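In what follows, a structure is listed as structure tokens, so that the remarks can point back to it.
Residue numbers (the working numbering): 202 to 438.
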């Protein structure tokens, strides 16, 4: 099952099933689920997913890495969380400003309260709008971070936008399918008495990074071939 979009092909079926094609998928998913249980340490799951994304983008047949580079996975995951926090600063500031205005309004008159309520509502709308844009933007920056490996890649806006604009339809489809995978994982996990959610959620994360890895692979363009000039008959003499 796939989805043709302008600029490339997103193989949805492959994203859902590639995990189970790995000979060691049970062990790898089991470790991923167990690591997800441990606060802070579970940042390594993010790093593992980013490495998987990179492997998919590079076209590796079996993109699931071994869990033998745990320290690197943890650091990568930690830096990813830091980047998300930096991107979230505007939302934090808007929320703080709304709280300050509400506090001032509570000690003022009715006119002040009305104006303050309007300001707080406007700030809330801005926060929601920014959060939506951020949800659409962050996956693209995570892709560039996974490929480049350095923290600054999170803020190379041109490269992230290039990924999105190269195949906008495919990018949106990837995000929607990733969301659906997380919903499926939640339902299956609930059926398995919630304990299974740890493992199904890990699988859903791997589905998402495979979709994004496919999109990134489309943008890796081979260098143009250098035209060979025909040899003149007199040049060979």
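All residues carry an ideal CB built from backbone N, CA and C; glycine is no exception. Every value quoted in this text rests on a predicted model; they were computed, and no experiment measured them.
For this session: Taking 8 Å as the threshold, find out whether the region 265 to 282 comes into contact with the region 236 to 255 through three or more Cβ pairs.
Result: yes
Problem set entry | Host alpha helix (DSSP H) of residue 419 (start-end) | 398 to 420
Problem set entry | Neighbour-count burial assignment, residue 411, 16 or more Cβ in a 10 Å radius | buried
For this session: Could you check what DSSP says for residue 211 in three-state terms: helix, strand or coil?
Result: strand
Exercise. Where residue 401 and residue 306 are concerned, what is the direct C-alpha to C-alpha distance, given to the nearest angstrom?
Worked result: 46 Å
Problem set entry | residue 177 (DSSP reduced to helix, strand or coil) | What is shown of the chain runs 202 to 438, which leaves residue 177 out entirely.
For this session: Figure out for me which residue from 210, 266, 234 has the closest Cα to the Cα of residue 224.
Result: 266
For this session: Output the boundary residues of the alpha helix (DSSP H) element that contains residue 283.
Result: 271 to 288
Problem set entry | Proximal residues to residue 232 (C-beta, below 7 Å), its chain only, five neighbours per side dropped | 268
For this session: Enumerate in chain order the residues of its own chain whose CB-to-CB distance from residue 364 is below 8 Å, with the five nearest sequence positions on each side excluded.
Result: 341, 344, 345, 372, 416, 417, 420
Problem set entry | Rounded straight-line distance, which links the Cα of residue 321 to that of residue 207 | For residue 207, the predicted structure reports a pLDDT of 41, less than 50, and the residue's modelled location is therefore unreliable. The matter cannot be settled from this model.
For this session: Give me the Cα-Cα distance between residue 300 and residue 315, rounded to the nearest whole angstrom.
Result: 15 Å
For this session: Could you pull out every unbroken alpha helix (DSSP H) segment of at least 4 residues lying fully inside the region 329 to 409, listed in chain order?
Result: 358 to 367, 369 to 392
Exercise. Can you list, in chain order, the residues of its chain whose CB lies under 7 Å from that of residue 360, leaving out five sequence neighbours each side?
Worked result: 345
Exercise. Helix, strand or coil: which one does DSSP assign to residue 426?
Worked result: Confidence at residue 426 is low in this model, with a pLDDT of 46, below 50, so the placement of that residue should be treated as unreliable; the coordinate-derived value is given next. Of the three classes helix, strand and coil, the one that applies to residue 426 here is coil, per DSSP.
For this session: From the DSSP output, in three-state form, read off residue 260 for me.
Result: coil
Exercise. Do you know how far the Cα of residue 409 is from the Cα of residue 377?
Worked result: 9 Å
Exercise. Count the other CB atoms within 10 Å of the CB of residue 405; is the residue buried (16 or more) or exposed (fewer)?
Worked result: buried
For this session: Could you name the residues of the same chain whose beta carbon sits closer than 8 Å to that of residue 335, not counting the 5 residues immediately before and after it, in chain order?
Result: 288, 289, 292
Problem set entry | Chain-order list of residues whose beta-carbon lies under 6 Å from that of residue 156 (same chain, five-residue window excluded) | Residue 156 cannot be examined here, being either before or after the span of the chain that is shown, 202 to 438.
Problem set entry | For residue 297 and residue 213, the rounded distance between their alpha carbons | 41 Å
Problem set entry | chain C contact for residue 334 (CB, 9 Å cutoff) | The question asks about chain C, but that chain is absent: this structure has only one protein chain.
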